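Undergrad: Residue numbers (the UniProt record's numbering): 1 to 599.
All C-beta atoms in this analysis are idealised placements derived from N, C-alpha and C, irrespective of residue type, glycine included.
All figures in this text were calculated on a predicted structure; none of them were measured in a lab.
1) Which of helix, strand or coil does DSSP assign to residue 570?
2) Which value, in whole angstroms, describes the spacing of the CA atoms of residue 418 and residue 426?
3) By a C-beta neighbour count over all protein chains shown, 10 Å radius and 16 as the cutoff for buried, is residue 53 buried or exposed?
4) So, helix, strand or coil for residue 227, using DSSP?
5) Alpha carbon to alpha carbon, how far is residue 523 from residue 574?
6) Which residue's Cα is closest to the Cα of residue 202: 289, 90, 231, 351?
7) Taking C-beta to C-beta, are residue 215 and residue 240 nearer than 9 Å?
8) State buried or exposed for residue 452, treating a residue as buried only when at least 16 other CB atoms are found within 10 Å of its CB.
9) Identify which residue in 566, 565, 549 has its Cα closest to the Cα of residue 578.
10) Runs of 3 residues minimum, wholly inside the region 344-401: which ones carry the beta strand (DSSP E) assignment?
11) Per DSSP, residue 505 is paired with what?
12) Hey, residue 393 and residue 414: beta-carbon distance below 9 Å or not?
13) With the cut-off set at 9 Å, would you say residue 397 and residue 437 are in Cβ contact?
14) Given a cut-off of 9 Å on the beta-carbon distance, is the pair residue 494 and residue 518 in contact?
15) Is the CB-CB distance between residue 205 and residue 178 below 9 Å?
16) So who's on the other strand from residue 524, going by DSSP bridges?
17) Considering Cα atoms alone, identify which of 365, 367, 324 is closest to residue 354.
18) When you compare only the Cα positions, how much space is there between residue 276 and residue 237?
19) Restricting to Cα atoms, I'd like to know which of 272, 211, 213, 198 is closest to residue 227.
20) Pop quiz: residue 279 and residue 297 are said to be a contact at Cβ under 8 Å. What is the actual Cβ separation, rounded to whole angstroms?
21) With DSSP as the reference, label residue 193 as helix, strand or coil.
22) Please name the residue in 259, 268, 70, 274 whose C-alpha comes closest to that of residue 285.
23) By the three-class DSSP mapping on this structure, what secondary structure does residue 421 have?
24) Secondary structure at residue 172, three-state DSSP: helix, strand or coil?
25) Quick one: give me the first and last residue of the alpha helix (DSSP H) that residue 199 is part of.
26) As a quick exercise: from 189, 545, 83, 540, pick the residue whose alpha carbon is nearest that of residue 569.
27) So, residue 287 versus residue 312, is the Cβ gap smaller than 9 Å?
28) For residue 43 versus residue 68, is the C-beta spacing smaller than 9 Å?
29) Is the beta carbon of residue 457 less than 9 Å from the beta carbon of residue 422?
30) Within a Cβ cutoff of 8 Å, which residues of the same chain sit near residue 180, ignoring the five residues on either side of it in sequence?
31) Contact check, residue 387 vs residue 403 under 8 Å by CB: the rounded distance?
32) Under a three-way DSSP split, which group does residue 255 fall into?
33) Bridge partners of residue 186, per DSSP?
34) Check each candidate in 571, 537, 552, 554 and name the one with the smallest Cα separation from residue 623.
35) Would you mind stating whether residue 314 and residue 273 have Cβ atoms separated by less than 9 Å?
36) Pull the bridge partners of residue 47 from the DSSP assignment, please.
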């Protein structure tokens, strides 16, 4: 419809008049007249309404399917199938979406003229495919912008706004031909043996906003003079994957000069040993990715990056300490939805400093030297805390006040011996991971206050297996659990329990009675336990679909009540050597449910 915005109500009469005037060959048509239907009824028309997003558009431009003459066709494209149903469309054709493999092939054909893009481009393709949702036209349109830019100044790439073809970029840098029109450079160094970055090459690119360099293969010899100068006052995003040198150029030592910088990504720069001081306030810096670098400590001047939203330091294997100035990043709360602290696989870090109060996510997974994880009670916006694999962490500190956002706490494979009773302040906790905490000896009764808890993982807690977990504590467990691993008694009160896995609890000799109907329990795994029998109350688990008793070598009998499990599909009894020796009478066998498809 000529690019007109059909969503603007004041244009509706104008659009209607244009369409009907074209059909009836009458420029002075009155769109409000009641005689329109009679005049249109004799007209055979073909009308295509593209990207319709509101029913009113159909009512204005096509009114009813039978408005026009016999053999007329009205073709409507829309993303809202309900519009077609409401309008009474008789034939609906739904565009078939491409499978991911075909979608990638199509996009690569238009975007790269080949089937094998290199480097981190592959990672971006996944996002493109997901965005296009497999629609062929969308995949082609996404490439149109790039094609249009490449067609401008075909012989003078230095005058284009965006440079993304390797050959064009190398030509511009070698001869220096860059101009102030260049705003974006995306260079993949794959296949290039050697490249030089000079001050002259970038001197005229004063409007550069995005500079992305990818050296994933790490086979290109990069030359940057130490006195490299730049004038990137408008640079907003600087990305260099696998920067090959130990230091940034001297001019970058004053990185605070990049006053417009929003994203600084130096991921995988494994030789980079020092991050430069931030000499002044950086009012726009949101993301700083130093993951995989060789830095030992961020500069204390990190506090100048007061707008920082995400700081990524995972896999910085030489990182030894963090400056206290990190606590000055208090404006993170402005961007709570992105606030994150990632320290994964930092093996030499011993302690965490006082952290910004508005952090939403802390990931210190596999920080093997971490002994002091700091205090979390003041982090009232914290949603997830991951300390999995911090094998020297012996104590989880008290939580001093209500934590209204914490929903996931992962302490798997730590050396803690107990949880503090103040865990009850984490009332929003949904997932609590304590798997393979081999020194864990007790659970506080306050765990019963976690009324939203759904997953509690305790498998591999060998000391907890040896101690007596009394029924009082277990009674205090919340009733909303839907996954529970490796506890001993009192399951009947967990009315929302869906799966109960006690596999490998070799000292478990008795499975407790089930005191009432368990409406959600569908999977019970007792493989490898030392139980001698199942309680007759197993019949209360009427929704049970899978029952695992494999390698229960002391199991001697099955109760007749197992016949009440009318939904049971899988019963695993292999390796039950004592059961093989005992006489399983026909009464018991008659009681087995008839829906089993695996026995």
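TA: Straight from the coordinates:
1) strand
2) Distance between the alpha carbons of residue 418 and residue 426 is about 16 Å.
3) The residue is exposed, with fewer than 16 neighbouring Cβ atoms inside 10 Å.
4) coil
5) Distance from the CA atom of residue 523 to the CA atom of residue 574, rounded to whole angstroms, is 17 Å.
6) 231
7) yes
8) By the 10 Å Cβ count, residue 452 comes out exposed.
9) 549
10) 361-363, 384-386
11) The partner list for residue 505 (beta bridge, DSSP) is empty, contrary to what the question assumes.
12) yes
13) no
14) yes
15) yes
16) 500, 547
17) 324
18) 17 Å
19) 198
20) Separation of the CB atoms of residue 279 and residue 297 is rounded to 17 Å, and the pair is thereby denied contact status at 8 Å.
21) coil
22) 259
23) helix
24) helix
25) 199-202
26) 545
27) Result yes, Cβ atoms of residue 287 and residue 312 sit closer than 9 Å.
28) yes
29) no
30) 204, 205, 206, 207
31) Actually they do not touch by this definition, with Cβ atoms about 15 Å apart.
32) helix
33) 212
34) Because residue 623 is not part of the residues shown, which for the chain are 1 to 599, the question remains open.
35) no
36) Partner residues in the beta bridge of residue 47, as assigned by DSSP, are 74.
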